[in-house]
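A.B. asks: Quick one: structure below, then a few questions.
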């Protein structure tokens, strides 16, 4: 059987996150092996990450909320949902 939309969404999310993590670690190891001091890079990345996180709090919060909705299977295609004054049927989830 074909995987559900929920399963495909979660697998894509994990695959992309894992690819970013592995790529970052690989780049840091390669730079370290060729003699580049990566301590300033890590410090700069930390500062940049902090600045980006303050600027994108709402976006990150919405993404995390979406992930939890997928994990908890809170809604599915075809469900009737009410958000504020609006009521409708879930047609697709991405």
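In UniProt numbering, the protein residues as written are 1 to 94. By construction, the Cβ of each residue, glycine as well, lies at the ideal position given by its N, Cα and C atoms. All values derive from a computational prediction rather than experimental measurement.
(1) Take residue 92 and list the residues in its own chain whose beta-carbon comes closer than 8 Å to its own, dropping the five residues that flank it on each side.
(2) From residue 54 to residue 61, what does the alpha carbon distance come to, in whole angstroms?
(3) From what residue to what residue does the alpha helix (DSSP H) around residue 21 run?
(4) Using three-state DSSP, classify residue 67 as helix, strand or coil.
(5) Report all residues from its chain with a CB closer than 6 Å to the CB of residue 31; omit the five preceding and five following residues, and keep chain order.
(6) Work out the CA separation of residue 84 and residue 25 for me, nearest whole Å.
C.D. replies: Considering the structure as presented:
(1) Here the set comprises 5 and 77.
(2) Taking the straight line joining both Cα atoms gives about 11 Å.
(3) Unbroken alpha helix (DSSP H) run through residue 21: 5-33.
(4) Residue 67: helix per DSSP, three-state reduction.
(5) Here the set comprises 38.
(6) Using only the alpha carbons, I get a separation of about 43 Å.
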